[in-house]
Amino acid sequence: MAVVFIPSLMQNLTKGQSKVVVPGKMVREIINNLDAQYPGMKDRLVDKFRIRSNINVAIDGEITPMGLLGEVKEDSEVHFLPAIGGGALRQTG
Amino acid sequence: MPTKTYVQTTINGENVEFLCEPRQSLLECLRDVVQLTGSKEGCNDGNCGACTVMMDGRIVDSCLVLGVEAQGAKITTIEGIAPAGGLHPVQQAFLENAALQCGICTPGFIVSSKALLDKEPNPSEERIRFWLAGNLCRCTGYDKIVRAVEDASAKMSKGKKK
Amino acid sequence: MTTTYEHNVVLKSGDDKFKVIGTRPIRHDGADKVTGRALYGADFQTAGLLHGKILRSPHAHARIKSIDTSAAEKLPGVRAVVTAKDMPQTTGDVSMGEAGAQNVAFLRGNVLASGKALYKGHAVAAVAATSPHIAEEAIGLIKVDYEVLPAALTAPEAMKKGASILHSDLKMTEFGQKTNQVNNIATHFQHKKGDVEKGFKEADVVIEREFTTQTVHQGYIEPHNVAALWNQDGRLLIWCSTQGSFFVRNATAKVLDLPESQIRVTPMEIGGGFGGKINVYLEPVAALLSKKAGHRHVKMVMTRQEVFEGTGPTPGSYMKVKIGAKKNGKIVAAQSYLAFEAGAFPGSPVGAAAMCVFAPYDIANGLIDGYDVLVNKPKTAAYRAPGATHAAFAVETIVDEIAEKLKIDPLELRLMNAAKEGVRRVDGPVFPRIGCVEVLEAMKNHPHYKAPIKGKNVARGVAIGFWFNVGLQSSCTIAVNPDGTVNLTEGSTDIGGTRASLAMQAAEVLGIRAEDVHPTVVDTDSIGFTAVTGGSRVAFATGWAAYEAAQDVVKQMTARAAKIWGVEADSVEMVDGVFRSKTDTELKLSFKDLSEQLNDTGGPVIGRATVDPQGVGGSFAGNIVDVEVDPETGKTQVLRFTVVQDAGKAVHPSYVEGQMQGGSVQGIGWGLNEEYFYGSSGQMANPTFLDYRMPTTLDLPMIDTVIVEVANPGHPYGVRGVGEAPIVPPPAALANAVGHAVGVRMTKLPMSPGTIMEAVWQSKKK
């Protein structure tokens, strides 16, 4: 199962957990499963049908261009990173 | 009453006549009136050197010269540097030494560098740096430009000895 | 000074068998660029061309009560006047491709001010006339009634309670969550690794300092420009100098609320960008003027003052950094507080700064807080490794101070803590194969580092820096000519010789000379989507597209050879540019000979590829610099400068060196004398190249380079982007050198004579 790293400013939702192990083959599944475990996560990460504009998802250190459809492997690490427009284009890990 | 002045001048060895407004700079006249757009505008206040041309044997920032002042003058622009059938050694040296990146400052640098080598065929690095201090380049850090001028100088004096 | 070492060194990794990659051919656009024939945006000419000019706010913060354009409209020669009223009024977030989602009202509001002017130089109205001089006269006739408001000019000032608020409807966001706070902070985020409190308790030495840097400009010599024709058929045609023609298409479409397909952008040659020629400023305005003037071509070219005041520089910042280390030099904890000025709209490079701030080091416990802060200055834009230079200035000077305190060689201390493959960064992700250690080793072994430091007031400084680079989409097609040359069509505007580096990657695959590839940069109607020339991505990603398109050519030509010989395609291979049968040695055709037969054996061959590569692989750069500081005046002279960088694989080493040298010199300018000098009312006092003084030939020594090739496993040729990392370490390396020369640590940029003398006097008072 993938290891999801919870941003420190969202750890209030995970009762202080900085890492959560979640099943899922796609970012969408990961977030749904995360939300089932810790309600409110999805709302912070997803805006209707896409990842919120100010958040990037990195799978194994690389920002995925696929958003919610990004492919997650059995032993993947998933990070949610701040995406601040302007400066640096779509940032990579 | 006419608003434009008649100017007769020599540009790159050819007789050129044009009409210009008294407020137009030589750079504007070259670019917009005579359509020689090789001289570039980077600052329009004489600080970047992208518009450098030769005027009666001196290098000038053409943005600081009025078009009407070209009356009777002899002007050489970047378009007049290459001899028939090839490139000038300075141009060739800029290419071989990768002395340009975006290329916007290159016309000014080539006109200035050629003027230096015409006057002083074997300048020192310090002398090259002093002479070119009026031309700004933001891409290269100048290293390859200075080396290109040194290279051109070496090749030109070798050519003369033969 | 006499030197006996090579000025430009390439340290190769292993043995490579490349024939074209790593050589130094003359660039394909070279002859045009040394003869003045290359056409840049401002060189656009056509019959009946109108000229546009923009009226800009004289105030840093003011409510626009009314705009009266009637007198300007009456001036003979004026053909159109536009203001924000001529813009569509849609709202909400729009997708800006590689730049993520953006608020369309902000995007539009920066192009023409609506309601409030948010910085000196903010565009307020525009005129198109039959000559630029008439347009200039006309903007002087526009009457704007302003109610001047107090301005907030620095991040700490803007974050204070009671500060003048730029956007009263913008609430601070904290990781997807909107707070109810309206405080000029657009975003706050945090990265955490380990336990920083515990880490500092373990440390034997802890150093904490505050740093400030000022707004600086990319300083490209070519001002922004555009020509636009909004045609009667509804299509909008744009010619401009841009780092991203597709980005201009997208941004202009969003600002004008048009479908992207209605716009064609033709990229002209570009006279420098460094990140500053991505955003649109003039394009939508020229379009509106064109339409209003009766579908006429309208050209606009900024003055140098407009470039400084009306485009996006890189921001000033306030940073507080604290680092703790054990006696043996091992760094155990690091904390940073980064407050970056976004300018008048959200979007500073603070996110990138946070990714880079501690990246060169393996640190167990780290905490990073980032703030994107609105101020009454131009909206900032990217500038070569955005945010990383600020961050390195702070961190690298503290690391240097720790080395000094612990009496450890500064490069040894860095090597002891250097990040390598598998190390987790404070912001989360784990490093792939990187070249941090190799860069530090090359610095340590360089004759410059071993040379004695001679002279009074002379000192040496070192620093390193990281930039992560980006991948993004690129497209290429390659058409084979009957004479065995090929035409390579691509969408990445060539800002520093990339036509050559792409052609070389295609040539390597095809087994032909670089000169036999004719690369052309085409408009947005003529090639598949290609992201901006930025993020050090062109040689990497568009190079990869060229590689793949060439592979496609090889595949098709292999099949063609098989067809000609009447054999199975899989029995034919291509080796060193020769197609040959694997079984019958008689059957072979050179690339050239087969090219000649294509038209008669089934038609022309065109290879194509689109890529969106992962595996970009970041790049590290390091500097060794010797300076002499005049103790009477504080003037700093750079005596010797060496830059070392991990380039993965240098496709065209001369242009890699050029990136390293150019980036270094921009960093030297940023470190020693460049700044937007603001008065208290927010007016830039130095908007000319005379007063905003960039380095000249006379200010500099030669810039020696060492290319360290640590192949990037993510690219077919091992390429890493090289364009940005070189600007990261110079201000830090200079700060360390100046600090050693005067005996006081430097915490403010630029280190102008005044700043240095002030620091010296302050330390003497203590």
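Residue numbers (this note's numbering), protein chains in the order written: chain A, 10 to 102; chain B, -6 to 155; chain C, 206 to 971. Where a beta carbon is used, it is the ideal one built from N, C-alpha and C, also for glycine.
Taking a C-beta cut-off of 9 Å against chain A, none of the residues of the stretch 852 to 885 of chain C qualify.
Those residues of the stretch 15 to 27 of chain A placed with their C-beta closer than 8 Å to a C-beta in chain C are P16, S17, L18, M19 and S27, ordered along the chain.
Between E929/C and V663/C, the C-beta gap is not smaller than 7 Å, which leaves the two residues out of contact.
Rounded to whole angstroms, the gap between the alpha carbons of E89/B and G96/B is 14 Å.
T738/C and W966/C have their C-alpha atoms spaced approximately 45 Å apart. Under the Cβ distance rule, T420/C does not count among the residues neighbouring chain B, no pair being separated by less than 7 Å. When only Cα atoms are considered, N804/C and G79/B end up about 35 Å apart.
With a cut-off of 8 Å on Cβ pairs, the stretch 258 to 265 of chain C is not in contact with the stretch 472 to 479 of chain C, counting fewer than three such pairs. Cβ-Cβ distances below 6 Å link S271/C to D350 in the same chain, with the five nearest sequence neighbours on each side left out; the list follows chain order. With the criterion set as a beta carbon lying under 9 Å from some beta carbon of chain B, the members of the stretch 472 to 499 of chain C are E474, I475, G476, G477, G478 and F479, in sequence order. When Cβ-Cβ separations below 7 Å define contact, L895/C makes contact with chain B. Below the 8 Å Cβ cutoff, chain B contributes no neighbours of H595/C, its closest Cβ being approximately 20 Å away. In terms of beta-carbon proximity, D221/C stays away from the interface with chain B, with every pair separated by 7 Å or more. Distance from the Cα of Q26/A is smallest, within the candidate group V36/A, Y47/A, N42/A and I39/A, for Y47/A.
Rounded to the nearest angstrom, the gap between the Cα atoms of C13/B and E415/C is 56 Å. L59/B is the residue among N5/B, L59/B and K112/B whose C-alpha sits nearest the C-alpha of K(-3)/B.
Its chain contains no residue whose beta carbon lies nearer than 6 Å to that of G241/C once the 5 sequence neighbours on both sides are disregarded.
With a minimum length of 3 residues, the unbroken runs of beta strand (DSSP E) contained wholly in the stretch 507 to 581 of chain C fall at 522 to 530, 536 to 548 and 570 to 579.
Remark: three or more beta-carbon pairs, one from each stretch, lie closer than 8 Å, so the stretch 221 to 229 of chain C and the stretch 706 to 722 of chain C are flagged as touching. Taken through DSSP and simplified to helix, strand or coil, C445/C comes out as strand. Judged by pairs of C-beta atoms under 8 Å, the stretch 303 to 316 of chain C touches the stretch 449 to 459 of chain C, as three or more such pairs exist. Per DSSP, C641/C is not a residue of any beta strand (DSSP E); the alpha helix (DSSP H) it occupies stretches across C641 to N650.
The alpha-carbon separation between T417/C and A946/C amounts to approximately 21 Å.
For M505/C, the CB contacts under 6 Å within the same chain, skipping 5 residues up- and downstream, are G257, V431, L487 and A491 in chain order.
Per DSSP, reduced to three states, the secondary structure at G771/C is coil, with no helix or strand assignment. F394, Q395, H396 and K397: these are the residues of the stretch 394 to 413 of chain C whose beta carbon lies less than 8 Å from some beta carbon of chain A, given in chain order. Of all residues in the stretch 372 to 390 of chain C, only T378, E379, F380, G381 and Q382 place a beta-carbon less than 8 Å from a beta-carbon of chain A. In the assembly as shown, D730/C is an exposed residue. Its beta-carbon has fewer than 16 other beta-carbons within 10 Å. Judged by DSSP in its simplified three-state form, N692/C adopts strand. Residue pairing of C681/C in beta bridges, as defined by DSSP: E695/C and A814/C. Within chain C, no residue has its CB atom less than 8 Å from the CB of Y(-1)/B, the nearest being about 18 Å off. Within the same chain, and ignoring the five residues on either side of T725/C in sequence, the residues whose Cβ sits closer than 6 Å to its Cβ are T694.
Using a CB distance cut-off of 7 Å, A75/B counts as an interface residue toward chain C.
S32/B has its alpha-carbon roughly 11 Å from the corresponding atom of A247/C. Going by DSSP, P91/A is part of the beta strand (DSSP E) stretching over E86 to P91. Taken in chain order, the complete alpha helix (DSSP H) segments of 4 residues or longer contained in the stretch 59 to 116 of chain B are 82 to 89 and 99 to 112.
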